[in-house]
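*Asks:* Questions regarding the structure given below will be posed in turn.
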Amino acid sequence: MASKLGSYWKNFVMNFYDHKAHPAFRYDLWANCPIQAIKCDPTLAHVFLEDWFYYTAGKEVTVAVYPAGAPTATTGLTAGVGGQFILCCDSDDNDETYAVSIGESWLFAEGKPLWFECKIKLTEGATNKANWIIGLMQEAGENALLDNGGGPAATYDGAVFYKVDGTMSTMFESSNDTTQATVTTMGTFVSGTAVRLGFYYNGAATTGVITPYIDGVAKTAQSITNSGLAEMELFFGCKAGGGVPEEALQVDWIKCVQLR
Amino acid sequence: MAQTRSFWKNGVMGFFDEDNNSDYRTGVWADCPLLAIEADPSLAYVFMEDFLSFPAITDGDPPTLAGWTCAQATIGGIAIKAGAGGILEMDSESATGGQGIQMQQTVAPFLCAANKDIWFETRVRVDDTYDKIQFFAGLAKIDTTLSAAGDFDTGSDYIGFGVETTLAGVTSFYICKDAAELSDSMGTAGTLGEDTWIRLGFHIDGTTGIHAFIDGVEVALTNVVYTGIPTTDALSVSFVCQSDGTNDPLLDIDWVRCAQLR
Numbered sequence: 024m025a026s027k028l029g030s031y032w033k034n035f036v037m038n039f040y041d042h043k044a045h046p047a048f049r050y051d052l053w054a055n056c057p058i059q060a061i062k063c064d065p066t067l068a069h070v071f072l073e074d075w076f077y078y079t080a081g082k083e084v085t086v087a088v089y090p091a092g093a094p095t096a097t098t099g100l101t102a103g104v105g106g107q108f109i110l111c112c113d114s115d116d117n118d119e120t121y122a123v124s125i126g127e128s129w130l131f132a133e134g135k136p137l138w139f140e141c142k143i144k145l146t147e148g149a150t151n152k153a154n155w156i157i158g159l160m161q162e163a164g165e166n167a168l169l170d171n172g173g174g175p176a177a178t179y180d181g182a183v184f185y186k187v188d189g190t191m192s193t194m195f196e197s198s199n200d201t202t203q204a205t206v207t208t209m210g211t212f213v214s215g216t217a218v219r220l221g222f223y224y225n226g227a228a229t230t231g232v233i234t235p236y237i238d239g240v241a242k243t244a245q246s247i248t249n250s251g252l253a254e255m256e257l258f259f260g261c262k263a264g265g266g267v268p269e270e271a272l273q274v275d276w277i278k279c280v281q282l283r
Numbered sequence: 005m006a007q008t009r010s011f012w013k014n015g016v017m018g019f020f021d022e023d024n025n026s027d028y029r030t031g032v033w034a035d036c037p038l039l040a041i042e043a044d045p046s047l048a049y050v051f052m053e054d055f056l057s058f059p060a061i062t063d064g065d066p067p068t069l070a071g072w073t074c075a076q077a078t079i080g081g082i083a084i085k086a087g088a089g090g091i092l093e094m095d096s097e098s099a100t101g102g103q104g105i106q107m108q109q110t111v112a113p114f115l116c117a118a119n120k121d122i123w124f125e126t127r128v129r130v131d132d133t134y135d136k137i138q139f140f141a142g143l144a145k146i147d148t149t150l151s152a153a154g155d156f157d158t159g160s161d162y163i164g165f166g167v168e169t170t171l172a173g174v175t176s177f178y179i180c181k182d183a184a185e186l187s188d189s190m191g192t193a194g195t196l197g198e199d200t201w202i203r204l205g206f207h208i209d210g211t212t213g214i215h216a217f218i219d220g221v222e223v224a225l226t227n228v229v230y231t232g233i234p235t236t237d238a239l240s241v242s243f244v245c246q247s248d249g250t251n252d253p254l255l256d257i258d259w260v261r262c263a264q265l266r
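Top to bottom, those sequences are chains A and B.
Residue 24 is where the first sequence starts when you use the working numbering, and the numbers rise one by one after that.
Residue 5 is where the second sequence starts when you use the working numbering, and the numbers rise one by one after that.
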């Protein structure tokens, strides 16, 4: 028997988990997300879960290439257990590609906790050359990642994991307009190895708290001022670091839940 | 912030969140066996649209998109708009009574039958203005003129909430079977507000019972009785947004869910 059902309470929220397959659920990002109640009650939360068994251009996400002109590889579903999506960008320095959800449907706000997690993998064409980004961002699109390894845009609302060329670190940033909290050494990025990246926004009054997770392990939390924030899109992207083969960001799944 | 609770109704257990929606216990989903459905696909089918991942809409007359059929009464449009939770906006684009747009699932996957309960709920709001709209939200037979001139087409079967012409924002609950329409006004509970969300839900208890809910509270029905439940036509999730004159109202849809036992 490969499974053993368990239940667990955290912060007055009960969930079921598999004590054999994933005992760490109890300390992980989703332990206090009221998924059982959400299943029964559609008034409670909105849920985006994409496992990439299907992909219709413009439905799950809209893909945009900058500058226009397709990379050689094809963005879309790719072979892989569990459903896989691959996002490709051209190899010219600073060429980039983004996949963006259809609407600005997420907003950090008081009393509206939010859970985000994804599993991604990127095999670098040459060491230290890839740029990638994933998370929530207002008006995500061209230059969400700045040129020449500049990291996320200087002005935006959101929270993102990212990597820039010239390093092999997984970085995290939250932003309210031009005010950012940035951690440039949250984890070591390993080319060709899948990693789970997530964050929990707690919906506190005035100043929310965002706790990042890498592979289910909580990292140092950041504060974000709720006032002035705008609705965000869910998105991911990759950007060429120059003179290397095309980059391709592979996304296994993404889940984002927010209380209504 | 969140507190899981369990609740039993009519032999069905569900989980709900005491902090964020304690009226689950009085609402439409309290006796829908969603936990069993999650574990057992043979039990029921569930349609849920939250407008977070939605087919691309091609603007046109009418707009086109996969899985849905839009029809205009002269004019009207639909679009995904910014807003937490994903929102679809239906725009009547007209201040002339009876003009606007409707959308229906292209397939009609629901059919009322004995012991095949249906639970339906949607969250909508009206803008510009609440008392100048003709709207429908519910299940209906595929029909490109579901609300001609603001009068629901009794040539088609339907179950749902709506405002017909001159009713000035007071929602009624309607069922129609073989050209025989029954309706009950939802009164104060169902009176629309400007730019104000309202939840509209119903439970069809096979062919032996029917219940309407506004914002998670059951509203007693007088004229609508179970003998009027339509069992002939297959039904699709359907929305209509038309002007009732003077203004060009918008109907925003936050989400819609419909579940039926197999």
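All residues carry an ideal CB built from backbone N, CA and C; glycine is no exception.
These numbers come from a predicted model, not from an experiment.
What residues from chain A crowd round B/Y28, counting only those whose CB sits closer than 9 Å?
*Replies:* A60, C63, D64, T66, L67
*Asks:* Mind the definition here: the segment 11 to 20 of chain B touches the segment 101 to 109 of chain B only if three or more C-beta pairs lie below 8 Å; say whether that holds.
*Replies:* Segments in contact, no.
*Asks:* Say yes only if the C-beta of B/D147 is nearer than 7 Å to one or more non-hydrogen atoms of the ligand SAM, and no if none qualify.
*Replies:* With respect to the ligand SAM, the structure shown offers nothing to examine, as it has no ligands at all.
*Asks:* Rounded to whole angstroms, what is the Cα-Cα separation between B/T148 and B/D65?
*Replies:* Roughly 13 Å between the two C-alpha positions.
*Asks:* Are there 16 or more other CB atoms within 10 angstroms of the CB of A/K43, so buried, or fewer, so exposed?
*Replies:* exposed
*Asks:* Please decide whether A/V280 counts as near chain B, where near means a Cβ-Cβ distance under 8 Å.
*Replies:* Chain B contact via Cβ: absent.
*Asks:* If we count the other Cβ atoms within 10 Å of its Cβ and call it buried at 16 or more, is A/L28 buried or exposed?
*Replies:* exposed
*Asks:* Can you give me the start and stop residues for the alpha helix (DSSP H) that A/I58 sits inside?
*Replies:* Counting along the chain, the alpha helix (DSSP H) containing A/I58 begins and ends at 58 to 63.
*Asks:* Which residue or residues does DSSP assign as beta-bridge partners of A/N199?
*Replies:* A/T202
*Asks:* For a contact defined as C-beta to C-beta under 9 Å, what are the partners of A/N34 on chain B?
*Replies:* M5, A6, Q7
*Asks:* Flag this pair as touching only if the segment 74 to 86 of chain A and the segment 43 to 62 of chain A have three or more C-beta atom pairs under 8 Å; answer yes or no.
*Replies:* They do not touch, by the three-pair rule.
*Asks:* Within 8 Å (strictly less), CB to CB, does A/K82 reach chain B?
*Replies:* yes
*Asks:* Compute the Euclidean distance between the alpha carbons of B/T231 and B/G213, then round it to the nearest angstrom.
*Replies:* 8 Å
*Asks:* Which term fits B/Y49, buried or exposed, when burial requires 16 or more other beta carbons within 10 angstroms of its beta carbon?
*Replies:* exposed
*Asks:* Use the C-beta contact count for B/G191: other C-beta atoms within 10 angstroms, 16 or more gives buried, fewer gives exposed.
*Replies:* exposed
*Asks:* How far does the alpha helix (DSSP H) with B/E42 in it reach, from first residue to last?
*Replies:* 38 to 43
*Asks:* Check whether the segment 133 to 146 of chain A touches the segment 219 to 227 of chain A, taking contact to mean three or more Cβ pairs, one atom from each stretch, closer than 8 Å.
*Replies:* yes
*Asks:* Between A/T120, A/H69, A/L130, which lies nearest to A/W248 when the distance is taken from Cα to Cα?
*Replies:* Sequence check: residue 248 of chain A is Thr here, not Trp. The residue with the shortest Cα to Cα distance from A/T248 is A/L130.
*Asks:* Specify the secondary structure class of A/F48 as computed by DSSP and reduced to three states.
*Replies:* In the structure shown, A/F48 sits in a helix (DSSP, three-state: H, G or I).
*Asks:* Would the segment 111 to 124 of chain A and the segment 82 to 100 of chain A be scored as touching if the rule is three or more Cβ pairs under 8 Å?
*Replies:* Flag = yes, the segment 111 to 124 of chain A and the segment 82 to 100 of chain A touch.
*Asks:* Rounding to the nearest angstrom, what Cα-Cα distance links A/I157 and A/F184 in this structure?
*Replies:* 5 Å
*Asks:* Would the beta-carbon of A/E254 fall within 8 Å of that of B/A83?
*Replies:* Not in contact: A/E254 and B/A83 (Cβ atoms no closer than 8 Å).
*Asks:* Might you give, ordered along the chain, the residues of its own chain that have their beta carbon closer than 7 Å to the beta carbon of B/D4, omitting 5 neighbours on each side?
*Replies:* This structure leaves residue 4 of chain B out entirely; chain B is present only between 5 and 266.
*Asks:* Beta-carbon separation of B/D248 and B/T170 under 8 Å?
*Replies:* Against a cut-off of 8 Å, the Cβ pair of B/T170 and B/D248 comes out as a contact.
*Asks:* Taking A/T193 as the reference, give the member of A/T101, A/A167, A/A176, A/T205 with the closest Cα.
*Replies:* A/T205
*Asks:* Identify whether B/D27 lies in helix, strand or coil by the three-state DSSP scheme.
*Replies:* helix
*Asks:* For A/M37, go through chain B and note every residue whose CB falls closer than 7 Å to its CB, in chain order.
*Replies:* T8
*Asks:* If you reduce the DSSP assignment to three classes, tell me which class B/A118 lands in.
*Replies:* Of the three classes helix, strand and coil, the one that applies to B/A118 here is coil, per DSSP.
*Asks:* Near B/F206, which residues of its chain fall below 6 Å by C-beta distance, leaving aside the five closest residues on each side in sequence?
*Replies:* F124, A216
*Asks:* Between the segment 147 to 157 of chain A and the segment 262 to 275 of chain A, do at least 3 Cβ pairs fall closer than 8 Å?
*Replies:* yes
*Asks:* Excluding the five sequence neighbours on either side, which residues of its own chain have a C-beta within less than 7 Å of the C-beta of B/N319, listed in chain order?
*Replies:* Look at the range of chain B in this structure, 5 to 266, and you will see that residue 319 of chain B is not part of it.
*Asks:* Along the segment 116 to 133 of chain A, what residues have a CB closer than 9 Å to any CB found in chain B?
*Replies:* Those residues of the segment 116 to 133 of chain A placed with their C-beta closer than 9 Å to a C-beta in chain B are S124, I125, G126, E127, S128, W129, L130, A132, ordered along the chain.
*Asks:* Less than 8 Å separating the beta-carbons of B/I218 and B/L204?
*Replies:* Yes, Cβ-Cβ distance for B/I218 and B/L204 is below 8 Å.
*Asks:* What is the DSSP secondary structure of A/Y179, reduced to helix, strand or coil?
*Replies:* coil
*Asks:* Where does the unbroken beta strand (DSSP E) through A/N38 begin, and where does it stop?
*Replies:* 36 to 41
*Asks:* Buried or exposed: where does A/V36 fall if 16 or more other Cβ atoms within 10 Å of its Cβ makes it buried?
*Replies:* Classified as buried, A/V36 has 16 or more neighbouring CB atoms from the shown chains inside 10 Å of its CB.
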